[in-house]
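Read through the structure below, which is laid out as structure tokens, and then see the notes.
Number of protein chains: 2
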Amino acid sequence: MATLKDVAALAGVSVKTVSNVVNGYAFVRDDNRRRVEEALLATGYRPNLGARNLRRGRTGFLGLVLPELGIPYFGELAGLVLRAAQAHEWNVLIEQTLGTREGERATLASLGTHLIDGAIVSPEALMEGDFAELAPGIPVVVLGEHSVDLPIDRVGIDNVRAAREAVRHLLTLGRTRIAAIGAHPHRGTAAQRLEGYRSALAAAGLPPRDDLVATALNYHRRDGASAMAALLALPEPPDAVFCFNDLLAVGALRTVAEHGLRVPEDVAVVGFDNDEEGSYSRPSLTTVAPDKAAIAGAAVDLLLRRVETADLPPEQVRTPFRLEVRESTGG
Amino acid sequence: MATLKDVAALAGVSVKTVSNVVNGYAFVRDDNRRRVEEALLATGYRPNLGARNLRRGRTGFLGLVLPELGIPYFGELAGLVLRAAQAHEWNVLIEQTLGTREGERATLASLGTHLIDGAIVSPEALMEGDFAELAPGIPVVVLGEHSVDLPIDRVGIDNVRAAREAVRHLLTLGRTRIAAIGAHPHRGTAAQRLEGYRSALAAAGLPPRDDLVATALNYHRRDGASAMAALLALPEPPDAVFCFNDLLAVGALRTVAEHGLRVPEDVAVVGFDNDEEGSYSRPSLTTVAPDKAAIAGAAVDLLLRRVETADLPPEQVRTPFRLEVRESTGG
DNA sequence: CTGAAAGCGCTTACAG
DNA sequence: CTGAAAGCGCTTACAG
């Protein structure tokens with residue numbers, strides 16, 4: 001593998017001149033430039049990015065910390081972050097935490113190893129104080145709400161408002177026994193969605209019914225299925241359900257059908273995330289659709305800003321969303 | 001951020017001794033070891049992996065080249081590769097090609113930049129000769145069949161046999177007009193699955209019907225939906241369909257339902273990949289289930305082997321699969 | 001068992 | 001406009 005030195009020897013100039021050409025420095029004599037370019041081609045030179053970054057004091061990598069790539073929402077989001085990062089010549093180092101607190105702590109701890117310039121973190125079960133594990137000085141952008149109240153850059157939609165809109169939509173269908181699936185003791189996002197759910201009911205003058213709020217410790221399809229089964233076993237079962245993500249909703253759809261009930265006639269269902277899966281399920285799924293590309297783009301931009309300038313005040317970016325009405329609520 | 005030199009100064013030893021402790025070299029005097037360990041703790045030292053790798057002549061990174069993380073199969077696979085790589089202290093650099101030939105060529109070309117020790121590549125539209133774009137000397141493991149016939153390490157299931165088993169299953173249900181969705185001019189995997197489909201029909205004495213073989217240039221849900229619509233418009237529509245991945249199958253399921261037909265009574269459907277989505281769809285999806293963890297593990301192992309020893313003969317690893325029978329074929 | 005020193009491949013003041 | 005040289009933070013023969 002050719003190095004700068006090899007190219008310089010072949011072109012009969014110093015490495016400085018080769019470096020100038022490689023890095024697009026303007027003032028290089030024409031004949032030198034020509035000879036360097038020929039030597040570059042002849043040797044098939046590729047810069048050693050490790051060496052370059054060592055010298056420049058940066059790594060060229062951005063860390064992306066998320067629960068699991070196999071979860072559709074995170075797989076899609078990761079793909080969008082990759083694309084946004086590419087535009088800034090950043091490589092992405094993805095770390096999976098598997099959504100557990102230990103996983104998240106271990107990942108954060110391993111991040112401070114000069115491997116990345118900064119990180120985009122999607123916390124799930126992360127608790128107060130865990131962020132201290134992060135090597136000091138590494139810029140971080142947090143995705144979504146979370147229980148930690150640190151002065152830190154954040155990107156996400158307004159979950160309270162989005163949840164309120166989803167539930168209001170169910171109210172306009174005339175539903176009165178609206179359940180929620182996805183409450184979670186340590187998840188900031190879940191707390192926000194629950195708050196939106198409750199405030200929509202309150203605004204409609206409906207008394208809160210705790211038995212209609214189902215906890216989900218995980219957000220997989222099976223958790224939605226089992227939560228829905230419990231709700232349908234209630235003496236007064238729901239006539240609508242707002243699920244805190246699409247996987248929960250897909251599981252709920254399945255359970256409703258297995259009980260011989262119809263969606264939306266007997267039970268209307270709303271999800272959250274706009275996974276593509278939901279537009280092909282039967283019935284197709286009404287869902288809160290966050291602008292995922294906007295989230296990815298804003299997170300990368302914010303991180304870039306903070307990597308370049310250390311002492312900026314923390315910023316919170318609200319990205320847009322819309323309610324995508326489909327068959328599961330009669331759309 | 002503390003460097004080896006800082007730690008050495010604090011401990012009153014040379015950097016060599018600190019390096020010995022950090023890297024677990026056995027012969028360090030007890031008192032020196034103790035002082036170094038204290039200094040390590042006091043400074044919160046983290047090795048600069050860039051510098052270490054520059055010195056060691058490796059990068060510590062493995063490249064993973066795939067079409068798109070947002071596709072469930074690849075999201076899941078990427079997660080499994082990440083885990084398998086972690087066990088070997090490898091970081092993973094994911095590159096998305098978006099499944100186009102230009103994307104794949106550009107990605108391969110950019111890989112030879114000292115950033116990775118080797119790559120796991122899942123080619124989609126890659127053609128003969130494109131692999132030459134890869135920087136010479138970078139070890140590569142290819143996932144799945146492909147049209148390029150190079151002496152290169154490969155990992156995948158036996159697609160011909162898997163497809164044959166899937167179609168044989170449809171034959172045992174008494175279906176006689178079995179369609180295929182997913183033929184593709186440049187995709188090696190598609191060619192193998194088509195071959196398996198044809199050989200199963202031939203073995204059953206059924207004449208091949210070209211009108212029942214639907215091409216799909218992409219493998220998304222919408223492509224399955226439109227291909228199925230075309231098949232149902234045939235004068236003699238199919239009574240079963242074998243889709244080359246689960247996304248195509250999910251799209252097909254939707255189209256069949258929209259035409260007022262029942263699955264599996266009117267049309268039985270089999271998919272490929274065992275995306276979790278298919279176990280919650282209605283009806284749930286019969287599918288060829290490759291052992292994805294085995295694929296990820298074998299690919300990482302094979303790559304590791306080749307990174308460590310250059311002149312090994314190319315190897316081809318066949319990973320297991322099974323047919324997962326569910327409701328879409330009456331399971 | 002351990003120190004002084006070279007060198008991995010780059011970038012970049014500093015001279016000229 | 002360009003060269004000689006230092007140095008980013010490591011690891012590792014080479015001496016001792």
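So the protein lines, in turn, are chains A and B.
The first sequence runs contiguously to residue 331 in full-length UniProt numbering.
The second sequence runs contiguously to residue 331 in full-length UniProt numbering.
C-beta: ideal position from N, C-alpha, C; glycine also.
DSSP three-state label for residue i, please.
{"i": "phenylalanine 321/B", "result": "strand"}
{"i": "residue 351/A", "result": "An answer regarding residue 351/A cannot be provided, because it is not within the stretch 1 to 331 covered by chain A."}
{"i": "leucine 69/A", "result": "coil"}
{"i": "phenylalanine 27/B", "result": "coil"}
{"i": "leucine 115/B", "result": "coil"}
{"i": "aspartate 301/B", "result": "helix"}
{"i": "leucine 261/A", "result": "coil"}
{"i": "leucine 98/B", "result": "coil"}
{"i": "aspartate 210/B", "result": "helix"}
{"i": "aspartate 6/B", "result": "helix"}
{"i": "asparagine 91/A", "result": "strand"}
{"i": "isoleucine 295/A", "result": "helix"}
{"i": "leucine 40/A", "result": "helix"}
{"i": "valine 140/B", "result": "strand"}
{"i": "alanine 233/A", "result": "coil"}
{"i": "threonine 215/B", "result": "strand"}
{"i": "alanine 310/B", "result": "coil"}
Expressed to the nearest angstrom, what Euclidean distance is found between the alpha-carbon atoms of residue i and residue j?
{"i": "threonine 43/B", "j": "glycine 57/B", "result": "27 Å"}
{"i": "glutamate 38/B", "j": "asparagine 23/B", "result": "16 Å"}
{"i": "leucine 10/B", "j": "phenylalanine 27/B", "result": "20 Å"}
{"i": "asparagine 245/B", "j": "glycine 278/B", "result": "11 Å"}
{"i": "arginine 52/A", "j": "arginine 305/A", "result": "21 Å"}
{"i": "threonine 189/A", "j": "glutamine 316/A", "result": "15 Å"}
{"i": "glycine 196/B", "j": "glycine 118/A", "result": "48 Å"}
{"i": "arginine 193/A", "j": "arginine 198/B", "result": "51 Å"}
{"i": "isoleucine 138/B", "j": "isoleucine 152/B", "result": "12 Å"}
{"i": "leucine 217/A", "j": "lysine 16/B", "result": "49 Å"}
{"i": "glutamate 89/B", "j": "arginine 168/A", "result": "49 Å"}
{"i": "tyrosine 280/A", "j": "glycine 224/B", "result": "11 Å"}
{"i": "arginine 55/A", "j": "glycine 297/B", "result": "35 Å"}
{"i": "arginine 101/A", "j": "alanine 85/B", "result": "21 Å"}
{"i": "aspartate 30/A", "j": "glycine 12/A", "result": "14 Å"}
{"i": "proline 320/B", "j": "leucine 173/B", "result": "24 Å"}
{"i": "leucine 62/A", "j": "threonine 59/B", "result": "16 Å"}
{"i": "valine 307/A", "j": "aspartate 301/A", "result": "10 Å"}
{"i": "methionine 1/A", "j": "valine 18/A", "result": "16 Å"}
{"i": "proline 314/B", "j": "leucine 40/A", "result": "32 Å"}
{"i": "threonine 97/A", "j": "threonine 107/A", "result": "7 Å"}
{"i": "glycine 144/B", "j": "alanine 109/B", "result": "21 Å"}
Rounded to whole angstroms, how far is the Cβ of residue i from the Cβ of residue j, which I believe are closer than 8 Å?
{"i": "threonine 176/B", "j": "leucine 150/B", "result": "No, threonine 176/B and leucine 150/B are not in contact; Cβ-Cβ is about 40 Å, not under 8 Å."}
{"i": "proline 264/A", "j": "threonine 329/A", "result": "5 Å"}
{"i": "glutamate 104/B", "j": "proline 123/B", "result": "6 Å"}
{"i": "alanine 299/A", "j": "phenylalanine 242/A", "result": "Contact doesn't hold; Cβ gap of about 26 Å is too wide."}
{"i": "valine 121/A", "j": "valine 65/A", "result": "4 Å"}
{"i": "arginine 326/B", "j": "serine 284/B", "result": "4 Å"}
{"i": "arginine 164/B", "j": "alanine 200/B", "result": "4 Å"}
Taking the DSSP output, what are the residues bridged to residue i?
{"i": "alanine 202/A", "result": "Beta-bridge pairing links alanine 202/A to no other residue."}
{"i": "valine 160/A", "result": "Paired residue(s): none; valine 160/A is not in a bridge."}
{"i": "alanine 268/B", "result": "Ala240/B"}
{"i": "leucine 64/B", "result": "Ile94/B, Ile120/B"}
{"i": "aspartate 153/B", "result": "Val141/B"}
{"i": "threonine 286/A", "result": "Val270/A"}
{"i": "glutamine 316/B", "result": "Arg154/B"}
{"i": "alanine 183/B", "result": "Thr215/B"}
- Task: Determine contact between the segment 170–187 of chain B and the segment 209–218 of chain B, defined as no fewer than three beta-carbon pairs at a distance below 8 Å.
- Result: These segments touch.
- Touching by the beta-carbon criterion (3+ pairs, under 8 Å), the segment 267–274 of chain A and the segment 286–301 of chain A: Because the criterion of three Cβ pairs below 8 Å is met, the segment 267–274 of chain A and the segment 286–301 of chain A touch.
- Query: Using 8 Å as the Cβ pair cut-off and three pairs as the minimum, do the segment 252–260 of chain A and the segment 225–235 of chain A touch?
  - Reply: Under the three-pair Cβ rule at 8 Å, the segment 252–260 of chain A counts as touching the segment 225–235 of chain A.
- Query: For the segment 61–77 of chain B against the segment 71–83 of chain A, are there 3 or more C-beta pairs whose distance is under 8 Å?
  - Reply: A contact exists between the segment 61–77 of chain B and the segment 71–83 of chain A.
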